[in-house]
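Asker:
In the numbering used here, the protein residues as written are 33 to 810.
1. Go through its chain and collect everything with a Cβ distance to residue 571's Cβ below 7 Å, but skip five positions before and after it.
2. From the DSSP output, in three-state form, read off residue 250 for me.
3. Residue 504 bridges to which residues according to DSSP?
4. Taking C-alpha atoms, which residue in 75, 184 and 238 lies nearest to residue 476?
5. Give me whichever residues DSSP pairs with residue 237 in a beta bridge.
6. If you follow the beta strand (DSSP E) that residue 186 is part of, which residue opens it and which one closes it?
7. Checking 8 Å against the spacing of the C-beta atoms, do residue 442 and residue 302 come in under that value?
8. Using a Cβ-Cβ cut-off of 8 Å (strictly less than) and excluding sequence neighbours within five positions of residue 596, which residues of its own chain qualify?
9. Residues in its own chain within less than 7 Å of residue 264 by CB, not counting five upstream and five downstream?
10. Checking 8 Å against the spacing of the C-beta atoms, do residue 398 and residue 219 come in under that value?
11. Bridge partners of residue 114, per DSSP?
12. Which residues does DSSP pair with residue 222 in a beta bridge?
13. Does the contact criterion of 3 or more C-beta pairs under 8 Å hold for the segment 409 to 427 versus the segment 311 to 329?
14. Which residues mark the beginning and the end of the alpha helix (DSSP H) in which residue 401 is found?
15. Please list the segments of the alpha helix (DSSP H) lying wholly inside the segment 290 to 377, counting only runs of 4 or more residues, in order along the chain.
16. Which residue comes first and which comes last in the alpha helix (DSSP H) that contains residue 205?
17. The alpha helix (DSSP H) with residue 659 in it runs from where to where?
18. Could you work out which residue in 177, 350 and 94 is closest to residue 274 when comparing CA atoms only?
19. Among 659, 536, 171 and 567, whose alpha-carbon lies nearest the alpha-carbon of residue 439?
20. Am I right that residue 503 and residue 527 are in contact with their C-beta atoms under 8 Å? What's the rounded C-beta distance?
21. Check each candidate in 633, 611, 639 and 660 and name the one with the smallest Cα separation from residue 325.
22. I believe residue 296 touches residue 171 by the beta-carbon criterion, under 8 Å. Please report the beta-carbon distance rounded to the nearest angstrom.
23. Tell me whether residue 149 sits in a helix, a strand or coil according to DSSP, three-state version.
24. Can the beta-carbon of residue 299 be found closer than 8 Å to that of residue 169?
25. Just to confirm, are residue 564 and residue 613 a CB contact at a threshold of 8 Å?
26. For residue 402, which residues in the same chain have their Cβ closer than 6 Å to its Cβ, ignoring the five residues on either side in sequence?
27. What does DSSP give as the partner residue(s) for residue 262 in the beta ladder?
28. Could you give the distance in angstroms between the alpha-carbon of residue 454 and the alpha-carbon of residue 231?
29. Excluding the 5 residues preceding and the 5 following residue 447 in the sequence, name in chain order all residues of the same chain whose CB lies nearer than 8 Å to its CB.
30. Use the C-beta contact count for residue 339: other C-beta atoms within 10 angstroms, 16 or more gives buried, fewer gives exposed.
31. For residue 127, which option in 547, 154, 149 and 112 has the closest C-alpha, if you only look at C-alpha atoms?
32. Label residue 654 either buried or exposed according to how many other C-beta atoms from any shown protein chain fall within 10 Å of its C-beta, with 16 as the threshold for buried.
33. Report all residues from its chain with a CB closer than 7 Å to the CB of residue 349; omit the five preceding and five following residues, and keep chain order.
34. Pick out whichever of 221, 659, 639 and 646 has its Cα sitting closest to the Cα of residue 305.
35. Among residues of its own chain, excluding the 5 on either side of residue 585, which ones have a beta-carbon nearer than 7 Å to its beta-carbon?
36. Excluding sequence positions up to five away, which residues of its chain have a Cβ less than 6 Å from the Cβ of residue 268?
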């Protein structure tokens, strides 16, 4: 009855409390009062807002102290930096801890800003080498860590007091059993390359009790033991362990069979292939950007010359208009000449701005600031000699040296090894297990004597009884387990086989794409050289056309309109010539790139950085130890190699057999395309040009001595003579311009100087057919 009454009271109290909280809950306006007067703090009315990390990284001085970018309104006289192509490559390699990609600046696809973790850098091989994530591309050190000796130890103390259900325990009914415990466990374990697991264990258990039935009130019991486990079927042998790592069941669904040392080595090689590809792309982008900057200077110079010609024509037309006109002159001619003048002036401004833009993109690739007080000017001239590579040789080099193919072959090798290791897991788990231990027992853990005064053998020291080796135990046997059906193991094998088939198919497709890329490059080489020749002939004809129409205008036999159109055609012809010449050099660069020989062509070699000096000493010590080791002739201690000394297989490319008949476009009723050729009576290899208009003089220094510049506009005979008599290599030539600035706005009172005053430009008529560099150097 009392219990029921108490339950009713408790229930009523709970109901009253609920009603009170419902009437005076947190949603009411009840005022809360606290002791003391303080300002409100720690109140937050939003959960998310823009915040900045507490990270301070000093900004480099070349960024903070960089000058403003160059623009059309900038008239500062900056220092000219004549930069050779090889110096640009060296500069780019030295300043590219982070490898930049061309064409990404100013777009939403700039991976350096949007995906910095995926941006290539010089740290990527080291990051892969030290990767420790399970299931990912582990590094070699992480794979070797599976064979490190592991030391474990723990120590626990405890006390327990428990009433005993006994009328006699402790001499009184319901006595209390008091126990004090202590546990110490330690061990060393190691995995072997053959899949075996070895362990040494040393354990002690302490027990103290007030039970009267024990021999000693407290005692120590422990053991020192050895154990060894060796897989015999699944996961057995060195071959499996070096591929998949030591067999285990904890993370098999995550790691698979890709955690071994060999797979880690392959992962590192794939990372090196990615790094080499990124360096190759960087060199390719730098060289292409260099030639684009060169082209920007050439186009600017062309437009300045065209603007000067238009200015001269307008001045003459304006003078005729002021004089009342002449024969075949109309007032509209003066307006047309003025229109042409402002058209060319706009092109001058646009091409000058293009120089600044091209220089900024080039500076970004080579790791230079926006403005360091120097303006970069390419000093190397593009190659004008005809380059006719052999298709079979180039295709063979591409199939051997392309880094993308090498990486894919590493992927195939990795999948082959993983499939081999996965086949081992289709067998049952059958392990040989064994253990041996020496036991110890005593009243105390350590004691100088074993006499305990109670027993005859003496159990006073636990370590003493262990050292006597009178008590030992051992186990020997087998452990067997297998999933019925091996569904997961067979699925893993099939998955790897499908992935391997896909990888091989991808390799074939990659080789096909490599040949297609190379074929397109061959077509570009031929096209760009042919168009360069045609544009050269067009340029020469346009120059002659301007001279003839200029003479007719001066004589009054034709209108000014024909001369202005001829001047426009001359500027366009010169522009197209330099475009095709630069495109020809870029095609040569692309040929080396798609052959996989671009780094070798630029004398760039990848190598590992220096180790710690102690590492060399340790490597030498291990080498001497292995040299004097005793070989086990009955054991297979040298696994099959997975790295070849060189290229594996043969790549033989044979041209298709010649057809009996030859194909001609005339057979299909088509007219052959007309190609501009030199005038009759001239050599088809070289046609003397007309006398070019006078240009600012330039002088050249050969090793500190004055001489004639073979790149400056001169007569053909003089240019050939200088090119043949000069014994100095082309890299020793540097041009010192005399006076001049980048550009000046046109003024009616004085002539506007050509940009060739500050940029010595080779005469195009001396540049196409003269072979300044042997094609064998390609």
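Glycine included, every Cβ here is placed at the ideal spot set by N, Cα and C.
Answerer: Reading it off the structure:
1. 605, 606, 609 and 796
2. strand
3. 470
4. 238
5. 215 and 253
6. 182 to 195
7. yes
8. 342, 345, 368, 369 and 372
9. 462, 463 and 464
10. no
11. 409
12. 230
13. yes
14. Per DSSP, residue 401 belongs to no alpha helix (DSSP H) and is neither H nor E.
15. 293 to 354
16. Here residue 205 belongs to no alpha helix (DSSP H), and DSSP marks it neither H nor E.
17. 645 to 659
18. 177
19. 536
20. Not really, about 52 Å apart at Cβ, beyond 8 Å.
21. 611
22. 6 Å
23. helix
24. yes
25. yes
26. 98 and 101
27. 464
28. 27 Å
29. 528, 531, 532 and 535
30. buried
31. 154
32. exposed
33. 365, 366, 369 and 592
34. 639
35. 592 and 595
36. 227
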